[in-house]
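In the UniProt record's numbering, the protein residues as written are 1 to 1280.
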């Protein structure tokens, strides 16, 4: 919003009209900028305007008219400089412009130029002409200076009016700027800066920067303070103090250091446990001012129940949040209603500092009129301003004249600000009345009185401006994570990046095995690798803040140093060698600590930020492929974990750090650290990782791909164990089991051997079998202490996030963190969504209980509530009731082993029974295994469940029942795939209509029914679907929701209906007669269509555009652009009208370049898309080609860090035998006014690279008729 206001204040006329109708908001800012760029930022129009100014310069007829000559020279220099900034080089227009300029210059100057340069046509250089004009002009100005010494009447010595931006003199004044230098600053009788009775160079009011701004604003010289610009000064005095090229009054080296407010309290502090709401804060603090700038301060009463105190308040509509001083919060004992985490950007820093704030509620009152009050929420901070803001000391006559009878908001003496009110409550306080006082001072009306704001020339003091902008991080990340978890088991990952196959193929070709360890290359994106900056400035800033924290907290430094010292001993990191190749790509990683007290090991970790980047740059993660997901699904792993009586888990010790990174890629993992944080003068040491770093987005892929590559070596030696590991590893965790102890022991020892060969160690072995654990102790796989069975420090042992009690061999839910969070909850949308993000139940044990909070979230989303608004009373009651039941989740116990408590007899058959149901609020499915034993006894066990909230668009109940049936089909498919058992499936629904749809012909029904029935039939058999009454349907609980106590005490949820443990003759009766009374509307039959006529057509594959039929490049582009626009309009992609735009012509150009490249370099395109580089026998191998983000083939090279444009650093490769190449050469030759081979080739190479391009250009120029005509030799005349 602030940027929008700033932009709008500088617009006028057509530019302001172009954005009329846009309201001032964050969302509209980007749209406005885009409109202004398209309207006024077109490069071709700007170049044309500059050229028009050069071609339409007013002629100067007299050589002694110095003012007009100066105006001519300044205009020339400005236009040439502007064209250079647009990448239009002077060589492109020198030939034409020199001829024009020589015609408008006085004849004497033209004659002198020709005399000095001879035949200028052989060297068209506009810069030489500008240098000549400048020299000639300065000589004439000096000559005029001497000629005015005898008489002042000949010239007007006063400075003419000057326009600041255009440097344009008023034509009515024949003043000579240089003449003022003869008087200098001695003519000034008073100070230029403060109007005091002293010399200007002795003034110390304000800072040197501000005094320089005064000179710039008044158009005075920086050297002698005279009435002319610095460029025109002939008395360039040096500073007496530093001998610099400036006046002593604006010397920066002797400037006193300004007081900057103390911001150490906003330093980054580590967060221990508990998630908080994320925000971003930008804070800026100004320096000293020569005059006091009054801010909107008020003297108010702050009330909390019966406690009241007075304090100063600052109104700042540039801040998005309100703050209160910590001393006030403690004094009034303000209760904390929640906590929020903000990312604070201090002045001059581009990287944030995170800090957690307490949020409190306070009431602000008018100190004289208690009826005028407002309640706000504010963030508690250590201090709001490091400086005491002065109140206004207005003279009595000003108050009587303008504010007689009104209350001033701030009448207290100078003191610190205790409350800052931001834009969230600003307009609740400001009433809108405005009174303009003297000068730049304004009074604004508030509920606390009249606030004064602006510059007060009578008071000189220090002022601090605080501007805080908070950008809320959307909690959509939590919601997205929750819904992805809910989709496990019923949704396949349909999205697949097409580049994943090539990334995996390239990884396999580059992996190496050396010294019992694997070495890999990073999966670079070919179009991003060479644009990665080193990020060193960001890393240095963040390390400096970390160093200050080390000084304040020595224990933190010791923990940090211990981790990195261990890394150094294991050769995981190394000091960057001095002989490191300077041309290698480097990247510096910021880092910080993470403390996890909820873990039994690795409580202190150092994490590195590979997503860090400077403004306008890309991060390391942006330049790397994430790679394909090679891990099995968590849902499948948890189901398989329940298959075997003997279960075990293990962990790969420092899995990522056991894989080496190739020497060529190590410099992108540099980081800074110091041996002595107290020594500020000592530069930090530079380290780099030699192993794969956790924190880089491609690290999980590289770990999984390395493990799978290693396992393929053992498919012949340990085939069963290799297959087991392929399906049982999730990142660095191994989850498995076996039917007996002996086989489980052999499986675990084979796993140890396989990973030992890869340089990896398996540790943290856990099992529910005491016998297996004893065997491990003999092999020194585990220690013999009891901590291997009992969880240390009372912390639960978790398997993929689900707690496992190994002694009882049961699964349960550790809700301690959730209970702690809810104990300080607030009835708001933010708190509810944060609670949802803490629920982890991928299998669906808690489906009916979690459904209640999902329904609450849907209801809240339909209301126009802000994040922190109080919930309505009805929703608040439901929310509190749900929260109070959460502790009861810890009492739920689910047997881990699916076949536990079974009889010691053989199993005859295993059946999978899926029940589905729906209500107007939700639909659900739940699955059970029905095990039949040899002695004809039957047992049932819960497998999984899934619930879905009904869509906001109302659906009929039969349709929702069909959606539930579809959930059953999908869930059964995933269960069968995960368990890999010979299961007989049966599906149950309490909807006869749904059953009729599934058993019927899908094409007879409407599209909604047809599509879902087709998917159900594809996954299941219609004969396996049965009807059951709603009263005995266990999914009825999941579709309506239930309390945790009913879930715990109701055996139907964990075991299924009672009749499921009986033989089939006791199952519900199947009767379809109920459907006889239903009509076609309820059954949703599709309308029949008769008399369908089928037509056939043939497709002509002839090309629409033939490149060889065009002799003009521009005509080719325009025809192509028109055709593309027509196609887009037919497809209703665009509705563009009018002339072709620059973007459309560029799109046409890129189209033909891509077509010709793919036709001539098809093999190179395939290899680049696959392995990222061309073969050595390719004609383009030496060019280092790569594909950019538009699929265009470009040349690599060593110019990445040069100042050239991107096209010059990486030109587009054109095939030498292409018709398009010939048209481009011909067009550039004509644009260069039929220049020679060198000129044309230089212009082409600014964008394109043509192999053997000189020969191509030479052949085109030889065929040019105009060039042949002008270069033809005259024939010899026959002698008479």
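Virtual Cβ for every residue (Gly too), placed ideally from N, Cα, C.
Own chain residues within Cβ distance below 6 Å of residue i, not counting five before or after
i, result
"residue 202", "none"
"residue 636", "978"
"residue 1230", "none"
C-alpha gap between residue i and residue j, whole angstroms
i, j, result
"residue 1182", "residue 1212", "15 Å"
"residue 946", "residue 843", "8 Å"
"residue 342", "residue 813", "31 Å"
"residue 249", "residue 211", "7 Å"
"residue 1084", "residue 923", "20 Å"
"residue 143", "residue 1144", "56 Å"
"residue 1142", "residue 239", "52 Å"
"residue 815", "residue 1047", "16 Å"
"residue 1110", "residue 1116", "6 Å"
"residue 810", "residue 939", "18 Å"
"residue 406", "residue 72", "58 Å"
"residue 1133", "residue 1125", "9 Å"
"residue 658", "residue 1171", "25 Å"
"residue 563", "residue 303", "49 Å"
Beta carbon of residue i nearer than 8 Å to that of residue j
i, j, result
"residue 594", "residue 607", "yes"
"residue 958", "residue 989", "no"
"residue 889", "residue 846", "yes"
"residue 667", "residue 573", "no"
"residue 571", "residue 706", "no"
"residue 416", "residue 312", "yes"
"residue 140", "residue 66", "yes"
"residue 766", "residue 724", "no"
"residue 454", "residue 409", "no"
"residue 718", "residue 750", "yes"
"residue 502", "residue 648", "no"
"residue 504", "residue 628", "yes"
"residue 760", "residue 655", "yes"
Neighbourhood of residue i by C-beta distance below 8 Å, restricted to the same chain and skipping five residues each side
i, result
"residue 685", "575, 672, 673, 674, 675"
"residue 1104", "1123"
"residue 856", "832, 875, 878, 879, 882"
"residue 639", "843, 943, 944, 975, 978, 979"
Reduced DSSP category for residue i - H, G, I as helix; E, B as strand; rest coil
i, result
"residue 751", "helix"
"residue 701", "helix"
"residue 1028", "coil"
"residue 803", "strand"
"residue 945", "strand"
"residue 260", "The pLDDT assigned to residue 260 is 32, lower than 50, so where the model puts this residue is not dependable, and the model offers no usable value."
"residue 954", "coil"
"residue 913", "strand"
"residue 1181", "helix"
"residue 1281", "This structure does not reach residue 1281, given that the chain is present from 1 up to 1280, and the question cannot be answered."
"residue 1135", "coil"
"residue 895", "strand"
"residue 591", "strand"
Nonlocal neighbours in the same chain, by C-beta distance under 7 Å from residue i, ignoring five residues either side
i, result
"residue 97", "54, 126"
"residue 1270", "none"
"residue 1202", "1209"
"residue 42", "1142"
"residue 431", "445, 446, 447"
What are the uninterrupted segments assigned as alpha helix (DSSP H) that are 4 or more residues long and contained completely in the segment 486 to 570, given in chain order?
Correct list: 500 to 510, 536 to 552, 554 to 569.
Please give the ranges of any alpha helix (DSSP H) in the UniProt domain "Reverse transcriptase" (646 to 764), keeping only runs that are unbroken, at least 4 residues long and fully inside the region.
Whole alpha helix (DSSP H) segments, 4+ residues: 699 to 711, 719 to 728, 741 to 756.
Residue ranges of each beta strand (DSSP E) within the segment 1179 to 1258, 3 or longer
None, since the segment 1179 to 1258 contains no complete beta strand (DSSP E) of that length.
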